[in-house]
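Residue numbers (the working numbering): 377 to 874.
Notes follow the structure.
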RNA sequence: CGGGCUGUAGCGCAGUGGCUAGCGCGCUUGGUUCGGGACCAAGAGAUCGGAGGUUCAAAUCCUCUCAGCCCGACCA
């Protein structure tokens, strides 16, 4: 018996860690809170990044790169921004053996350094819009970290755009949220709810923040991406004015938006099972693995057959790998490739050679089919296509099954449980029950009055927060706030979250 | 920053005062296996997180310290 994965039902947190470590996606680093992304994890990031980058270019954006060091004073130019980020800054005080005149912040996000340059680059309405994106690492000194979901340093992309009008900047904010939503659903098989954040949850320095929210298998919410309408806040902080078509001066309107390596955590937590990683085919480095099954006396013929199959898949443009290692048994390999999340396993043994066929097994459903070798590539494509579709459907079904409409506090209490299950309390038997509490509830959908107090009280009592105010559901929000009974203004999605 | 747990071979662990620190997995070599995590044999691999102390004797007891993980508050 080799690596073992803790079952989700036993300890969801431990299950997640086991998947990340055993599937060799990432590892801990010598520096607390940081992570090493291993080749198999990085391969997922590369594919994800490639597709997202394509979609950014398609919507008219260009990539650029800004330095990771930002003068401390830049952060201080926008009041809310500095307030929001200062607790988690990493600061460089020395360079070249000497104390720096002004400390440098390792970027937690790049609005400030980018807007300091936008000031130089924007004079006229003819210079607008600027639609820039950068792929970079950022550092936020988090107290509490978790592989992929929250690390002190993480990889992301941050789009920073500058516009002539408010409407244009708002349209950009909405457009990018939609790019994220479609990307999450089509490519990552991650059903998400797009909507606006409440004031207390919005980005430090934004006028409005929008997010896409996904539900993990423990029914907790994960913010999978954000798009911010920044108004003229950064333009004012960095004095970025342009001459309008009418000849007057006005501040530039802005948006910023980002997704990070956290998405990898979202994918794991949404699709994987107790056997290991389950990946959407779109993201898998290898779509198929061929496992030849041979004994010493038929190795040559089986390998020849397996290689032939390999060639056929390859010729059809499929990403295929062959596991010809003869020091491991087939059973070991099956388990290992399941752990790694390869979408389809192709078994080729003496029986298959004899019948000129192969056995194909889907990673997600375990569905097994035997097909003639020449039909195998077409069947593989079909299975991959179905898997991509069904992973999304399955996740959506799960989310819907765990979403409830709530009208009042009684509904909410019934849904989430009156008491928060205490974690880490040693039980009478002395055993640790760490992390075993099943998350109750899921997404609650209900009317909200818009009061910050209501929101804060709910958070304090149940650790439930407003994830967002879903787009397309904000009309006809008349009725009573499900928290306080006052007249409601919004429809909100409530959940416990990561 | 609070709470809990843990530092002994690459990994997971056992060893609660006694002289040569064990076990499983993994690794190396050779052989037999091979359709759901095979087996046999022979090997390699550790100054027991660190410092100080108690003792004839310390992985084990005491003091200090460092680190990591998980949980909580804060956050993409």
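Cβ atoms here follow ideal geometry from the backbone N, Cα and C, with glycine treated the same way.
Quantities reported herein were computed from a predicted structural model and do not represent experimental measurements.
Supposed close pair residue i, residue j - CB separation, criterion 8 Å
i, j, result
"residue 432", "residue 509", "5 Å"
"residue 602", "residue 585", "6 Å"
"residue 818", "residue 591", "7 Å"
"residue 845", "residue 574", "7 Å"
Through-space distance from residue j to residue i, alpha-carbon basis
i, j, result
"residue 670", "residue 724", "9 Å"
"residue 449", "residue 648", "44 Å"
"residue 423", "residue 728", "33 Å"
"residue 786", "residue 413", "45 Å"
"residue 748", "residue 849", "50 Å"
"residue 867", "residue 736", "46 Å"
"residue 401", "residue 495", "41 Å"
"residue 582", "residue 487", "11 Å"
"residue 497", "residue 489", "13 Å"
"residue 829", "residue 436", "41 Å"
"residue 388", "residue 732", "43 Å"
"residue 534", "residue 397", "28 Å"
"residue 611", "residue 425", "29 Å"
"residue 459", "residue 451", "9 Å"
"residue 843", "residue 859", "15 Å"
"residue 762", "residue 504", "43 Å"
"residue 701", "residue 753", "23 Å"
"residue 795", "residue 871", "Caution is warranted here: a pLDDT of 47 is assigned to residue 795, below 50, making its placement in the model unreliable, and the coordinate value is therefore given only provisionally. Their Cα atoms are separated by approximately 15 Å."
"residue 760", "residue 650", "21 Å"
"residue 824", "residue 832", "13 Å"
"residue 532", "residue 428", "11 Å"
"residue 588", "residue 666", "37 Å"
"residue 443", "residue 622", "35 Å"
"residue 378", "residue 709", "Its pLDDT being 45, under 50, residue 378 is placed unreliably by the model, and the measurement read from it follows with that caveat. C-alpha separation (whole angstroms): 11 Å."
"residue 703", "residue 681", "19 Å"
"residue 739", "residue 643", "15 Å"
"residue 493", "residue 826", "37 Å"
"residue 593", "residue 652", "14 Å"
"residue 673", "residue 430", "49 Å"
When the options are compared against residue i, the one with the closest alpha-carbon
i, options, result
"residue 664", "395, 598, 721", "721"
"residue 478", "520, 445, 768", "445"
"residue 854", "865, 861, 467", "865"
"residue 417", "704, 791, 688, 640", "640"
"residue 874", "599, 618, 447", "599"
"residue 456", "743, 577, 638, 699", "577"
"residue 501", "609, 539, 520, 515", "539"
"residue 512", "536, 506, 730", "536"
"residue 636", "709, 680, 516", "516"
"residue 399", "406, 405, 420, 408", "420"
"residue 507", "532, 544, 415", "544"
"residue 768", "822, 820, 559", "559"
"residue 691", "624, 757, 392, 391", "757"
"residue 772", "781, 675, 782, 595", "595"
"residue 624", "673, 499, 551", "499"
Spatial neighbours of residue i in its chain, beta-carbon cut-off 6 Å, leaving aside the 5 residues before and after
i, result
"residue 439", "509"
"residue 662", "695, 697, 718"
"residue 523", "396, 402, 411"
"residue 627", "608, 611, 612, 617"
"residue 811", "Legend: pLDDT at residue 811 = 37, less than 50; position of this residue unreliable, no value from coordinates given."
"residue 529", "410, 513, 515"
"residue 391", "382, 384"
"residue 570", "553, 557, 588, 847"
Contacting residues, own chain, Cβ-Cβ under 7 Å from residue i (five flanking each side not counted)
i, result
"residue 744", "735, 737"
"residue 806", "A caution first: residue 806 carries a pLDDT of 32, below 50, which makes its placement in the model too unreliable to give a value."
"residue 394", "381, 382"
"residue 484", "461, 464, 465, 514, 515, 516"
"residue 434", "none"
"residue 546", "605"
Close-in-space but distant-in-sequence residues of the same chain around residue i (CB under 8 Å, 5 per side omitted)
i, result
"residue 467", "448, 479, 480, 481, 482"
"residue 526", "518, 520, 638, 874"
"residue 453", "488, 613, 614"
"residue 764", "565, 656, 657, 658"
"residue 476", "468, 469, 470"
"residue 784", "856, 858, 861"
"residue 561", "567, 568, 768"
"residue 541", "629"
"residue 782", "788, 791, 820, 821, 822, 858, 870"
Three or more C-beta pairs closer than 8 Å, one from the segment 825-844 and one from the segment 548-567: is that the case here? In short, these stretches do not touch, since the Cβ pair count stays below three.
Would the segment 687-701 and the segment 628-643 be scored as touching if the rule is three or more Cβ pairs under 8 Å? no
For the structure I just gave you, are there three or more beta carbon pairs, one from the segment 776-790 and one from the segment 701-715, closer than 8 Å? Flag = no, the segment 776-790 and the segment 701-715 do not touch.
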